[in-house]
Amino acid sequence: MDKTVATFIGVVCVVVGLHASRAMHQTNITGKVSSERDSVWVFAVNGKDSLKTMVSNGKFRFKVKPGAWRVTVTKKHPIDEGGQTVEVSEGRTLDMGTIILN
Numbered sequence: 143m144d145k146t147v148a149t150f151i152g153v154v155c156v157v158v159g160l161h162a163s164r165a166m167h168q169t170n171i172t173g174k175v176s177s178e179r180d181s182v183w184v185f186a187v188n189g190k191d192s193l194k195t196m197v198s199n200g201k202f203r204f205k206v207k208p209g210a211w212r213v214t215v216t217k218k219h220p221i222d223e224g225g226q227t228v229e230v231s232e233g234r235t236l237d238m239g240t241i242i243l244n
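When you line the sequence shown up against my numbering, it's residues 143 to 244, in that order.
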C-alpha cells in the first residue's frame, strides 16, 4: 500500500512538472488595437496554419508554433491582403505593441 501511494505521488509530481514546463515555454503573439469600431478581427497565418480572434478589451493573444507568421488586423471579415510578417522564437512572446486602425 505504501509503495503504491509513493508511486502515485511520484507520477503526479512528474505530470505536474511537465505541464508547468510546457506552460512556461509557450510561444505567443500579443498586441493591442486602438480602433473606433468594436468588432476588430486579428488573423495569424503560417503556411496552412491559420488562427483568428476578435479583439477583446483592446488586446489580442495567439498561442502559436515557432516560425514566421503574417498577422493582419482588420475591421472586416473575411481577411483581406496585407498584414505584417513577424518571426516568433520557441518559448517566447512577441508583443506587436499598439496597432491603430482608422
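Ideal placement from N, C-alpha and C gives every residue a C-beta, glycine not left out.
Residues of its chain near residue i, where Cβ-Cβ distance is below 7 Å and the 5 sequence neighbours each way are ignored
i: V215; result: V175, V182, V184, I241 and L243
C-beta contact flag for residue i and residue j at 8 Å
i: T169; j: V206; result: yes
i: A204; j: I151; result: Looking at the sequence shown, residue 204 is not Ala but Phe. Contact: no.
i: P208; j: S231; result: yes
Coarse secondary structure for residue i, derived from DSSP in three states
i: G173; result: strand
i: D180; result: coil
i: V228; result: strand
i: Q200; result: Just to set this straight, residue 200 is Gly in the shown sequence, not Gln. In the structure shown, G200 sits in coil (DSSP, three-state: anything other than H, G, I, E or B).
i: K145; result: helix
i: G233; result: coil
i: G189; result: coil
i: V154; result: helix
i: V215; result: strand
i: K205; result: strand
Same chain, Cβ closer than 6 Å to residue i, five either side skipped, listed in chain order
i: R212; result: V187, G225 and T227
8 Å contact criterion, which residue i and residue j should meet: CB distance rounded
i: G239; j: G173; result: 6 Å
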